[in-house]
Amino acid sequence: MTRTLGDAGREKTAERLLKSSANKFYDPEVDIDWDAPLVEGKRFIPEERSSLYGTELWDRLTPEQRIELGKHEMASIATNGIWFEVILMQLLLKEVDNGDPTTSHAQYALTEIADECRHSTMFARMSNAFGCPHYGPVKWRHRMAKILPVIGYGPALYGSILIAEEILDRLQREQMNDPEIQPLVRMVNRIHVLEEARHVTFAREEVTRRIKGMGKVELAYQRWLIAYVSWHITRSLINPYVYKAVGIRPKEGYQAALSNPHFRATLLFSGEKIMPFLDEAGLVGAPGMRLWRSAGLLPNK
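Here the sequence shown is numbered in the numbering used here, starting from 22 and rising by one per residue.
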């Protein structure tokens, strides 16, 4: 089969990313000292990024409880990150299965899957090092997400990947050089940021390529799908059960977080890089606008 000029551009990008992956990658088993103890008094996230920061519930917590809550929130983000990456790997495997595995494009997709396997192991080991339970998404959301590899395709597929990756990237870039954050968290963040930069390039180009020439009906579906998936991503970052670790009822803590303007500011901050790109690409619009605002990635009117 003859490859088009668009395919040629895609192949060129994939070839460049394959070379970058070969030249610079981390093995968390080797590059992280998992036997090093946590540093007493160091935070796991900046205080102002805690979901309860600035609320009455936050004011009731002791300094030690605030650090403990941050530890469990980081464990929730990490184990939800595993969930995001497992779904991403399924989507990429679907792409490879439906395409030509001899292309550089398919081979880079497989390389990205290998990266995500290492990242998922890294996040799991970090959560274990904290002594935290496996949080991940709540059960009903975990079950419902199994349909995404079936209904997800096109620019919304890669756009959803970008939302999950770039939200985490934005927060991790802020924390990876912060001396007040645990060294283990900073190293995990540094590894993830470096390798995700390639994944972001790959996904952004696919969004731009796949949305070209799309009809109005199909575009409306793509806009709804990415907004709906993004709503679930932001709502799942903090599992309600993290609040039990500091004596707060899960429902009370989660409701306080959702209504907390400081937490909403954190969500807006996390989306500052990706939302303008998706808007320019044409994926932000009706019928998904209410979902974007509810997700916290666009300001309320």
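Ideal Cβ positions, reconstructed from N, Cα and C, are used throughout, including at glycine.
For the set 273, 176, 41 and 184, the Cα lying nearest the Cα of residue 316 is the one of 184. Within the segment 207 to 246, no run of beta strand (DSSP E) reaches 3 residues while sitting entirely inside it.
Restricting attention to 245, 92, 182 and 169, the CA atom closest to the CA of residue 70 is found in 92. Going by beta carbons, residue 231 and residue 173 fall outside the 9 Å limit. According to the DSSP assignment, residue 96 belongs to the alpha helix (DSSP H) that extends over 84 to 119.
Taken through DSSP and simplified to helix, strand or coil, residue 162 comes out as helix. With fewer than 16 other CB atoms across the displayed protein chains lying within 10 angstroms of its CB, residue 201 is exposed.
Counting along the chain, residue 288 sits inside the alpha helix (DSSP H) bounded by residues 282 to 291. In summary, residue 123 is exposed, with fewer than 16 beta-carbon neighbours lying within 10 Å of its beta-carbon over all protein chains present. Judged by their CB atoms, residue 136 and residue 219 are nearer to each other than the 9 Å cut-off.
The three-state secondary structure of residue 64, taken from DSSP, is strand. In the structure shown, residue 53 falls within a coil segment according to DSSP collapsed to helix, strand and coil. Distance from the CA atom of residue 152 to the CA atom of residue 237, rounded to whole angstroms, is 50 Å.
Taking all protein chains in view, the Cβ of residue 212 is crowded by 16 or more other Cβ atoms within 10 Å, so the residue is classified as buried.
DSSP, reduced to helix, strand and coil, places residue 168 within a helical segment of the structure shown.
DSSP, reduced to helix, strand and coil, places residue 188 within a helical segment of the structure shown. Remark: three or more beta-carbon pairs, one from each stretch, lie closer than 8 Å, so the segment 82 to 89 and the segment 266 to 278 are flagged as touching.
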